[in-house]
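One structure is given below, encoded as structure tokens.
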Amino acid sequence: MRAVWLSGLIAAALFAGLAWYLAPLEPGVVALQLAFTPKAFGEIVHLWSAEGVAHYRRHLPFDCLLLVAYGAFGYFLATRTAMLEGAGRFLRAAAAWALPLAAAADAAENALHWWLTAEPRFGVPAAYALAAGCAAVKWLLIAGFGLLVAYAGARTKA
341 MRAVWLSGLI
351 AAALFAGLAW
361 YLAPLEPGVV
371 ALQLAFTPKA
381 FGEIVHLWSA
391 EGVAHYRRHL
401 PFDCLLLVAY
411 GAFGYFLATR
421 TAMLEGAGRF
431 LRAAAAWALP
441 LAAAADAAEN
451 ALHWWLTAEP
461 RFGVPAAYAL
471 AAGCAAVKWL
481 LIAGFGLLVA
491 YAGARTKA
């Protein structure tokens with residue numbers, strides 16, 4: 341149970357800190373994450389300016405710490421607590437792997453964003469689509485995890 345609390349608190353603290361740090365960027369980071377084309381990506385980074393892009397790049401190492409923390413939290417919550425016991429074996433396994441898989445997609449997205457923000461690479465449209473695809477998968481898995489936990493909680497109370 342200690343691992344659940346520790347990983348959860350670390351993830352929450354890192355998320356709050358990164359949200360505060362990235363708040364000045366307009367449009368927000370999620371818009372960049374879901375920019376599937378070089379044109380959409382370029383429009384966002386041009387609105388940010390060179391300092392805004394540098395600001396974004398400085399957050400990436402801390403985002404890697406966050407993804408480790410939230411991936412561990414999801415796995416520990418699903419496997420080391422009774423929270424999902426009533427959800428059935430399949431849903432419990434899905435919950436156990438949802439956040440670690442989201443973290444893997446997040447890591448790939450971070451690596452691609454590190455490379456794509458180093459200099460303009462508009463001639464490689466597949467890299468932009470892949471980065472945005474990784475972000476979309478990440479957000480879907482995070483939402484799915486939340487729904488599984490809510491479902492399990494509702495079943496427990498019923």
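Quick note, the sequence shown lines up with residues 341 to 498 if you use the working numbering.
We put the CB at the ideal spot given by N, CA and C, even for glycine.
Values in this document were obtained by computation on a predicted structure and should not be read as measured data.
Reference residue i; option with closest CA among the options
i: E366; options: W388, R420, F355; result: W388
i: G463; options: P378, L374, G426; result: P378
i: G484; options: L374, Y396, W437, G473; result: W437
i: L439; options: G368, W479, A467, A466; result: W479
i: A433; options: A447, A444, D446, F416; result: F416
i: C474; options: Q373, A458, G382; result: Q373
i: L452; options: A380, F402, R397, G392; result: R397
i: C404; options: D446, P364, T421, H395; result: D446
i: F402; options: V489, W454, A476, E383; result: W454
i: M341; options: A375, R420, H395; result: R420
i: A422; options: A351, A492, A394; result: A492
i: G392; options: A371, A444, P364, V370; result: P364
i: P460; options: V477, A371, A351, H386; result: H386
i: V477; options: A352, A351, V370; result: V370
i: A494; options: H395, L354, L424; result: L424
i: G368; options: H395, L354, A352; result: H395
C-beta contact flag for residue i and residue j at 7 Å
i: A442; j: L481; result: yes
i: Y468; j: F381; result: yes
i: A435; j: A418; result: yes
i: I384; j: A375; result: yes
i: E449; j: A466; result: no
Below-7 Å beta-carbon distance, residue i vs any chain D residue
i: A353; result: Any reference to chain D falls outside this structure, which holds one protein chain only.
Worksheet item: Are the segment 344-362 and the segment 394-412 in contact at 8 Å, needing three or more beta carbon pairs?
Response: yes
Worksheet item: In chain order, which alpha helix (DSSP H) runs of at least 4 residues are fully inside the segment 381-465?
Response: 429-456
Fill in: Segment contact, 8 Å Cβ cut-off, at least three pairs: the segment 423-434 with the segment 349-361
no
Worksheet entry | Runs of alpha helix (DSSP H) wholly within the segment 354-384 (minimum 4 residues, chain order) | 369-373
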